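I have placed the structure first, in the form of structure tokens, so that the comments after it can refer back to it.
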Amino acid sequence: MGCALIGCGKALPALEVQNDELKALVDTNNEWIVTRTGIESRHIALEETNLDLAERAAREALGWDEGGWAARRVEPEEIDLVIFCTITADHLVPSAASELRMRLDLPNAIAFDLNAACTGFVYGVTVAESLMAASAAGVPGAAGRNKVRRALIVGSERLSRITDWAERSTCVLFGDGAGAGVLEWNEGRAGVLGTHLVNEDDPTGALLCPLEFDMPVPFAASGVDAGADAEAVLRERAGNPKQAITMNGQAVFKFAARAMSDAVTAVLDNAGLTLDDVACIVPHQANERIVRFAAKKLDCSMEKFHLCIAHAGNTSAASVPMGLADAYEAGRIKPGDKVVLVGFGGGFTSGALVYEA
Ligand code: ACO
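Quick note on numbering: UniProt numbering labels position 181 of the sequence shown as 181, and the sequence is numbered without any gaps.
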């Protein structure tokens, strides 16, 4: 018995921007971007909100709309849990998960957001699986506790809104999009076979996106500072926006290649499996070269990895579930296959899980 994936879906905004179009913004070219990253184009949300993208991916995963893959249609009342993995929620309050719960009209679901950067979906599925396993085990004395039998896990991002479009070392990498998966505790299925989550220090701030709360605070060490010039504080901050991703590309590259191969090795060890048992690996897609490095470290053929970075770019928490839906659509995953999902990202976070399809 276990936590089985019963549906997945994805969504990309309508506007697709080719590499060469970015030449109008920064000193770059198609050849540099393709050779260094494997990215040819990315999608940018103009009208679509993060919630809009998440809704589209979720509807496919629930079997409500065409696209993605769904073993069956899941009714709104059946969903007990929504986890929304993102670093670019439309609002701080309410949570993106609460908004999605209301948009989809899921009356029985508890809902919360999760920030594990690009590893978000792997973290989200792991948390959901743990809640399901605890519910199924019927922990003594837990009468009245929320029972979690089915969960909707979404990774959705509008990275275009935290990208500095004048900075060529980052702006060519990112895109917008969403992916979603539906999980069900099923007595007759193996489902998730192993999980492995890691957090480690990023002492130099290799991946950073500050959250600036701009309300002036009228307090001093002595207490309330009635003379604080709130307007002056605001004026100083205006025109100095800091809410954009900054990145030390090479430090992140080194961390990513190591973390990815370590996470795959660890999760397969946990599950008593080897790479030969695995039919497909869906990695976080930050850069195709990172995947090639990790594959080499693992002594694993690139054929085993499912990539769709070429026309999506790096979509952070959306990348793994979008890749997963893409792999199902491409017919790469069949019932009984063992599939590995692996992510790495800001924090630093990293992690992997293996499940039986
Ligand atoms: N177009 C043209 N030239 C560029 C561009 C660009 N867009 N960006 C940088 N360059 C130049 C640099 O200025 C540098 O020029 P110089 O030699 O004259 O100084 C040259 O290209 C080489 O720059 P490097 O930074 O050394 O290039 P590198 O081969 O390391 O590739 C890259 C850069 C692609 C960012 C790489 O470090 C990388 O992929 N890092 C991983 C980071 C990542 O993917 N992060 C995603 C977010 S985090 C996540 O998802 C986990």
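Yeah, the Cβ is synthetic: ideal placement off N, Cα and C, and Gly gets one too.
On a predicted model such as this, the values are computed, not experimentally measured, just so you know.
One question on the structure: do residue i and residue j come within less than 8 Å of each other, judged by their Cβ atoms?
i	j	result
L100	V82	yes
M302	E187	no
I162	Q243	yes
G7	G67	no
L275	M247	no
L307	S261	no
C3	S316	no
H43	A327	no
V217	I281	no
G336	A352	no
V122	S135	no
C171	V26	yes
E168	V74	The identity of residue 168 in the sequence shown is Arg, whereas the question assumes Glu. Contact: no.
A54	S156	yes
R289	G120	no
DSSP has residue i in a bridge; who is on the other side?
i	result
C209	Answer by DSSP bridge pairing: none, since C209 is not bridged.
V192	Y355
L152	V82, V182
V339	C280, Y355
Q18	S41
C3	W185
I110	L81
N314	F174
M247	L207
E157	G177
Based on Cα-Cα distance, which residue from the options lies nearest to residue i?
i	options	result
Q285	P321, D105, P94	P321
R332	G249, G177, F305, C85	F305
L46	G138, D176, L131	D176
A14	R150, S261, D52	D52
N199	L173, V154, G347, P76	G347
V342	T126, L273, A263	A263
E329	A318, E60, N287, T195	E60
F344	D202, S160, L273	D202
E78	T195, N30, L183, A318	L183
F253	A294, A271, L273	A294
R158	H91, S98, R145	H91
N30	G38, R36, D20	D20
C300	G272, A318, T265, S319	T265
E48	A271, A89, A97	A89
Please report how far the alpha carbon of residue i lies from the alpha carbon of residue j, in whole angstroms.
i	j	result
E212	G179	27 Å
L152	G223	46 Å
Q250	D80	41 Å
V34	E40	6 Å
D65	N108	21 Å
residue 376	G181	Since the first residue shown for the chain is 1 and the last is 357, residue 376 is missing from the structure and cannot be characterised.
D269	A259	15 Å
A256	L173	15 Å
R103	R72	21 Å
A279	R292	17 Å
K338	K296	20 Å
A137	A11	35 Å
L324	A221	52 Å
D164	C209	11 Å
W32	D277	36 Å
A166	F219	36 Å
G205	T195	27 Å
L5	T28	41 Å
I245	N314	13 Å
W185	P283	24 Å
For the putative contact between residue i and residue j, defined by C-beta atoms under 8 Å, what is the C-beta separation to the nearest angstrom?
i	j	result
C85	L106	About 17 Å separates the two Cβ atoms, so there is no contact after all.
V354	L193	5 Å
A111	S95	7 Å
A57	V154	6 Å
T349	A128	Not confirmed; about 17 Å, so no contact.
Against chain D, with Cβ distances strictly below 8 Å, would residue i count as a contact?
i	result
A279	The chain labelled as chain D is not found in the depicted structure, where only one protein chain is given.
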